[in-house]
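Chemist:
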Amino acid sequence: MTQPPSNQPPGGFGAPQDPNQGGVPPVPPQMPAQPPQMPPTPPQAPGQPPQAPGQPPQAPGQPPQAQPGYGYPQQAPQPGPYGYPQQPTQAAGPYGQQPGQPGPYGQQPGPYGQQPGAYGGYPGQTQPMYPAAPAPAGGSGGGPFKNRTALVAAIAAAAVVVAAVTTWAVVGKGDDEKPTVASPTTSSSSATTGPKPTESVDEGDGSGDGDKGGEDDLNAARQEGEAKVNFLTTNDVDLPRNGSEVFGPWIVGDTVVKAMYKGVSGYSLTDGAKKWTVDLPFKLCAAPAQPGANGIMVFGYEESAKDGAKCSMLQQIDLKSGKAGWKKAVPKPTGLFAFSDNTLAIGGNTVTAAGSSSAYGFSLTDGKQVFTGSTGDCKPYAYAGDATRLIAANQCRTADASKEQHTISEVDPNTGKAKWTYRLAATWEVDKVYSVNPLVVSAFQREQKKWSIVALNPNGSVRSQIQGGTKDKFAPRCGGGLVIFGRNLQGCTGVAASGDTFYMATDTAYGTSNEVVAFDLKTGKPKWRSKAPEEQSMTPLRMEGGEVLVYVAPKYDKGGAVATIAPAGGAPKILLKHPVSVSSIESGFFSAGYAYGNGTFVVAAGRVSASSDAEEKETKTMMGFSK
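Numbering (the numbering used here), first residue to last: 1 to 627.
#1: If you follow the alpha helix (DSSP H) that SER587 is part of, which residue opens it and which one closes it?
#2: Tell me the rounded alpha-carbon separation between ASP386 and VAL552.
#3: With burial defined as no fewer than 16 other Cβ atoms inside 10 Å of the residue's Cβ, what is the status of ALA604: buried or exposed?
#4: Quickly, what does DSSP pair GLN445 with across the bridge? List them, please.
#5: Rounded to whole angstroms, how far is the Cβ of ASP472 from the Cβ of THR501, which I believe are closer than 8 Å?
#6: Considering only the alpha carbon of each residue, which of GLY373, ASN230 and PRO533 lies closest to ILE632?
#7: ASP613 to GLN467, Cα distance in whole Å?
#8: Would MET622 be called buried (16 or more neighbouring beta carbons within 10 Å of its own) or exposed?
#9: Are there 16 or more other CB atoms within 10 angstroms of the CB of GLU245, so buried, or fewer, so exposed?
#10: Hey, would you say GLY355 sits closer than 9 Å to PRO333, going by beta carbons?
#11: To which residues does DSSP link ILE317 through a beta bridge?
#12: Could you tell me the alpha carbon to alpha carbon distance between ARG463 and ALA443, rounded to whole angstroms?
#13: Spatial neighbours of PHE371 within its chain, please: CB distance less than 6 Å, with the 5 preceding and 5 following residues excluded, ordered by chain position.
#14: Between the alpha carbons of TRP326 and ILE346, how many angstroms are there, rounded?
#15: So what does DSSP say about GLU226, is it helix, strand or coil?
#16: Going by DSSP in three states, ALA273 sits in which element: helix, strand or coil?
#17: Can you look up ALA532 in the DSSP assignment and give me helix, strand or coil?
#18: Would you say TRP276 and GLY322 are within 9 Å of each other, going by their C-beta atoms?
#19: Going by the CB atoms, is the gap between PRO540 and VAL602 shorter than 9 Å?
#20: So, for CYS311: in the same chain, excluding its five sequence neighbours on each side, which residues have a beta-carbon less than 7 Å away from its beta-carbon?
#21: Helix, strand or coil for PRO32? Go by DSSP, reduced to three states.
#22: Using 8 Å as the threshold, is the segment 233-240 in touch with the segment 568-584, meaning 3 or more CB pairs across them?
#23: In angstroms, rounded to a whole number, what distance separates the CA positions of PRO379 and GLY248?
#24: Report yes if the C-beta distance between LYS320 and VAL252 is below 9 Å; otherwise report no.
#25: Would you list, in sequence order, the uninterrupted beta strand (DSSP E) runs of no fewer than 3 residues that lie entirely inside the segment 237-286?
#26: Would you kindly check if the distance between the Cβ of VAL298 and the Cβ of LEU364 is under 9 Å?
#27: Let me know if THR631 comes out buried or exposed under the rule of 16 or more other beta-carbons within 10 Å of its beta-carbon.
#28: Checking the sheet assignment: what are the DSSP bridge partners for ASP472?
#29: Looking only at its chain, what residues have a beta carbon closer than 8 Å to the beta carbon of PHE282, apart from the 5 residues adjacent to it on each side?
#30: Need the endpoints of the alpha helix (DSSP H) that LYS617 sits in, please.
#31: Rounded to the nearest angstrom, what separates VAL608 and LYS522 at their Cα positions?
#32: Pull up the distance between the alpha-carbon of LEU280 and that of MET260, whole angstroms please.
#33: Check for me: the beta strand (DSSP E) holding GLY346 runs from which residue to which?
#34: How many angstroms separate the CA atom of LEU218 from the CA atom of ALA568?
#35: Threshold first: 3 residues or longer. Then list the beta strand (DSSP E) segments lying entirely within the segment 503-587, N to C.
#36: Rank GLY559, VAL257 and LYS531 by C-alpha distance to the C-alpha of GLY588 and give the top, closest one.
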């Protein structure tokens, strides 16, 4: 294993440079015109009392609260992650951030995508962007992973049971463009083939399953130039009392796939009819952010129906055909952190399952175990990957049990052995991997409540730190900041990266256009800004043919849209302009996930829950748009 070159990143506020490392002096992340000596005062959210100068923004710790797209009229309270009730009019950031306090990646921008299966909503109050890359630091020796254990125990003990959700819609009458109505059925089987409609188009007035002409209503009020609604599905799964998280959506060929509760299903992009379903014996609990090559995915499900059952079973599924492949159990963890659930990631031809006490790699093709993560002083607890690379986040023992020590490594997907390792400053923790290639990592300092984004070169040396300045607020949505509870390192929306550029959306007040800011990964400084259209908010989803694919969130009087921004910047180019007439439906999906492919955009609820069986069956779950 090789260590990265000695050029180290500037230290974050409160991330002291190790005198033995010889790194460059700390430099507060800022716009070039700002003085570097003092940390800037975080901007206040509207209506909040002023914050004391130099006071750090609230750090992440709790799953974000949910809101419909960018300030649309509030809905009833929604169930949050781990049983926490969501506050309908507040947007709290992760890691314990309270409403009105800035935080790095809070609630959902209505656009956010995806987060495959994320909790939380778009950030209404977010952390001012002055992240400084945490500097490397030394430290070795014994000592348990004290802080992580205490945090898990505290949050697990606080979980409570939650309430209900209501949905509403605006509809019209009559049109010749009719999304297919799918009639309810309860039959499903592993790797079922052929169209099997099981979710129905809802006319949106709360009267039932939409079999009274609802398909006409969805496109009745379409205006010239607006996309058509291909389908709107409602829930057909009998869920437990607290509802269920949704994983996905993912588009593979002409199929959109999502997973919920005890099943994984594929739907036609054309009309939303169910094409196949793979049933699982117990509840789904994990999924990688994206499928591997040729649409192969591995899902995690619980080992039994008992309360507290471990997320230890793996099932491979071909998302193109719905064919179920290999399945196996992850070796049972032992020791102090054996209660931690596994998170899943795919890198190359390997799927990883990792938690606080153990990590494993399995062949995506046949499920054969190809490596076991290190059990030494530095243990991997989560991975991120793409078609060729696999990145590990590691936690290391130190002489001082009160100080967290984290590292990032690139590992060989076939052996799990590290190619290089980058060491963060003591007490800084790896938070998320915004991009694998180029590698862009988010980190935070829990006690001092600081946030940092650092870009690394292919050999693990520091490429740059992102300098967001003091005027903007940024809010990537990642579904919750605690990977120890099954949140992946990947899956953030509101960010994208390609080549020498990293893209991130600003967060603004309702009715004010936000911007996508392009940062030069060679310097960390902003290159250009692109403003959202029509006083709406937009967020990057991913790269699309060298351009940034963005989702423009709907407002009560404006439809959503899918657009791209050129590598050189400029105004977003609209690919699909969604009908204004269905903007309230489009805004109403709780903790929505997003997917775009084959000219079709899909928005899906990230969690389905209701106060009664009748409401549960009327809950809108997924909507598709195309030319």
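Glycine included, C-beta positions come from ideal geometry on N, C-alpha and C. Since this is a predicted model, take the numbers as computed values, not measurements.
Modeler: Let's see:
#1: 583-587
#2: 26 Å
#3: buried
#4: TRP428 and LYS450
#5: Contact flag wrong, Cβ pair sits at about 17 Å.
#6: Because residue 632 is not part of the residues shown, which for the chain are 1 to 627, the question remains open.
#7: 49 Å
#8: buried
#9: buried
#10: yes
#11: MET297 and ALA324
#12: 15 Å
#13: GLY361, THR415 and GLY416
#14: 16 Å
#15: coil
#16: coil
#17: coil
#18: yes
#19: no
#20: CYS285, ALA286, GLY300, GLU302, ASP341, ASN342 and GLY486
#21: Confidence is the limiting factor: at PRO32 the pLDDT is only 31, short of 50, which leaves the residue's position unreliable, though a coordinate-based value still follows. Reduced to three states, the DSSP call for PRO32 is coil.
#22: no
#23: According to the sequence as given, residue 379 is Lys; it is not Pro. Approximately 29 Å, taken between the alpha carbons.
#24: yes
#25: 244-252, 255-260, 263-268, 274-279 and 284-286
#26: yes
#27: Since the first and last residues shown for the chain are 1 and 627, residue 631 lies out of range.
#28: ASP472 is not bridged to any residue.
#29: LYS262, TYR301, GLU302, GLU303, SER304, ALA305, ALA309 and MET313
#30: 613-618
#31: 42 Å
#32: 10 Å
#33: According to the sequence as given, residue 346 is Ile; it is not Gly. Taken as a continuous stretch (DSSP letters only), the beta strand (DSSP E) holding ILE346 covers 343-347.
#34: 37 Å
#35: 515-520, 526-531, 538-544, 547-552, 561-565 and 573-577
#36: GLY559
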